[in-house]
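For the sequence shown, position 20 matches number 1 in the numbering used here, and the numbering has no gaps at all.
Backbone N, C-alpha and C fix where the C-beta goes; we use that ideal spot for every residue, glycine too.
Worksheet: one structure, shown below.
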Amino acid sequence: MPLQQLVEYFNDRLEQEHNDGVRPFVLENGAAHGLFGPIKVGSVLAPIRETLRSSHVVGHIAQLTVAANPVLTLQGNELDNLVNLPRAPGNSDSVINFDRLARTVHMLNYLPQSHLDELLFLHVDPRHILGVKADHGAYFEEIIVKCGLQTGNVAIALNVSNAYARFFPSLQKGLENYQRRGYKLALKFDIQSLEKSALELISRLAPDFVGLSAENLDQVRDSQLPGKIQQLNSLVASVKGRSILLDIDDKRGAALARQSGFGLVQGRYFELPVTSANKPDAGNKVSKPESYQSRRAV
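Here it is, written out as structure tokens:
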């Protein structure tokens, strides 16, 4: 089904579900966006690459872009203030509705390249998982099927933080519901959240992917950091998953990925032109003055 027809189909569906006349999905310059109150959300699809063969893309992480809804006028820095407001913990319906809208936008924007047989990694808010009592993934499965794809094309990604540690049993049940429907599963951590309970969650869920953020890793003062990273990669391998070093901005992060045994990488470093400042090895000649997708992580 053409993208414009899918946009209209999902608008009709939401209009009927909520009976409020709101048609949130719009198509602009070939890209899908979603309107949610005073904001307009879109997608950036960030490639996930093989560490030792970074020209090979295995999937994309869908990242959210936020702008002002042109239908509503915001003054000055009102948008920044709105985005930075603390989230209301009790408003689970609003969280679920926004999460579903964002994931539908990402799915629509992924469709033009879905023939490449690459996974789409979609973040889900932990409050969404906690707010849905049963049949996690059923609603979104209907959207996936309507787009002509299968749940196996999608990896449900969850940012795991210590703030949700006491909810891990409930999160586990929800994520297992996604797994039963055929979704792939990805868990993302930062180094501070790699506590015993987080490692136990990996053991119990056996996710397909486990990501560690490289952001601010160079500022961590912990003599046991290499051991923690090795322990993480060994655990992921034991459950037959793949490890990803995420948010790599420079060649130090790329070198860490290779030296520490991460099988996959993602980050701005791999999308920038190769220059004398960031090429992997100053002693190797670069065959082209600018190479966007052939850089090896060393």
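{"Asked": "Could you please give the first and the last residue of the uninterrupted alpha helix (DSSP H) stretch that includes H104?", "Found": "Careful: H104 lies outside any alpha helix (DSSP H), inside the beta strand (DSSP E) at 100 to 104."}
{"Asked": "Compare the beta carbon distance of Y159 and H117 with 8 Å and say whether it is the shorter of the two.", "Found": "yes"}
{"Asked": "Below 8 Å between beta carbons: does that hold for R161 and E122?", "Found": "no"}
{"Asked": "Based on DSSP bridge pairs, tell me the residues matched to Q44.", "Found": "V25"}
{"Asked": "Report buried or exposed for G11, applying the criterion of at least 16 other Cβ atoms within 10 angstroms of its Cβ.", "Found": "exposed"}
{"Asked": "Counting pairs of beta carbons, one from the segment 45 to 53 and one from the segment 95 to 103, are three or more of them closer than 8 Å?", "Found": "no"}
{"Asked": "Mark G133 as exposed unless 16 or more other C-beta atoms lie within 10 angstroms of its C-beta, in which case mark it buried.", "Found": "exposed"}
{"Asked": "Would you kindly work out how many angstroms separate the C-alpha atoms of L253 and T32, rounded to a whole number?", "Found": "16 Å"}
{"Asked": "Hey, G15 and V86 are a contact pair by Cβ (cut 8 Å); roughly how many whole angstroms apart?", "Found": "4 Å"}
{"Asked": "Take Q211 and list the residues in its own chain whose beta-carbon comes closer than 8 Å to its own, dropping the five residues that flank it on each side.", "Found": "S241, G242"}
{"Asked": "Does the beta-carbon of D(-7) have 16 or more other beta-carbons within 10 angstroms, so that it is buried, or is it exposed?", "Found": "exposed"}
{"Asked": "Would L(-13) and C128 be called neighbours here (beta carbons separated by less than 8 Å)?", "Found": "yes"}
{"Asked": "Just curious, the alpha helix (DSSP H) that S151 is in, first and last residue?", "Found": "149 to 161"}
{"Asked": "With respect to the alpha helix (DSSP H) encompassing I233, which residues constitute its N-terminal and C-terminal limits?", "Found": "Strictly speaking, residue 233 in this sequence is Arg, with Ile absent from that position. 232 to 241 is the span of the alpha helix (DSSP H), which, as asked, contains R233."}
{"Asked": "Going along the chain, which residues of its own chain have a beta-carbon closer than 8 Å to the beta-carbon of P5, five neighbours each way excluded?", "Found": "N(-8), L(-5), G15, L16, F17, L82"}
{"Asked": "Please state whether DSSP places E9 in a helix, a strand or coil.", "Found": "strand"}
{"Asked": "If I137 and L103 are in contact, beta carbons under 8 Å, what's the gap, nearest whole angstrom?", "Found": "6 Å"}
{"Asked": "Three Cβ pairs or more, each shorter than 8 Å: is that satisfied between the segment 190 to 203 and the segment 214 to 231?", "Found": "yes"}
{"Asked": "Using the C-alpha atoms, what's the distance from I172 back to L216?", "Found": "15 Å"}
{"Asked": "Please name the residue, chosen from V7, K21, R239, that lies closest to A48 on a Cα-to-Cα basis.", "Found": "K21"}
{"Asked": "Within the continuous beta strand (DSSP E) that includes L139, where are the two ends?", "Found": "135 to 140"}
{"Asked": "I need the DSSP call for I20, collapsed to helix, strand or coil.", "Found": "strand"}
{"Asked": "CB-CB under 7 Å to V25, same chain, minus the five flanking residues each way: which ones, in chain order?", "Found": "Q44, T46"}
{"Asked": "Hey, out of S142, G2, S75, G248, whose CA is closest to L180's CA?", "Found": "S142"}
{"Asked": "Is the CB of I125 under 8 Å away from at least one CB in chain C?", "Found": "The question asks about chain C, but that chain is absent: this structure has only one protein chain."}
{"Asked": "Is it true that the CB of L213 sits closer than 8 Å to the CB of S224?", "Found": "yes"}
{"Asked": "Kindly give me the distance between the Cβ atoms of G234 and G248, rounded to whole angstroms, as I take these residues to be in contact under 8 Å.", "Found": "7 Å"}
{"Asked": "First and last residue of the beta strand (DSSP E) that includes F170?", "Found": "165 to 170"}
{"Asked": "What did DSSP end up calling L97 once you bin it into helix, strand or coil?", "Found": "helix"}
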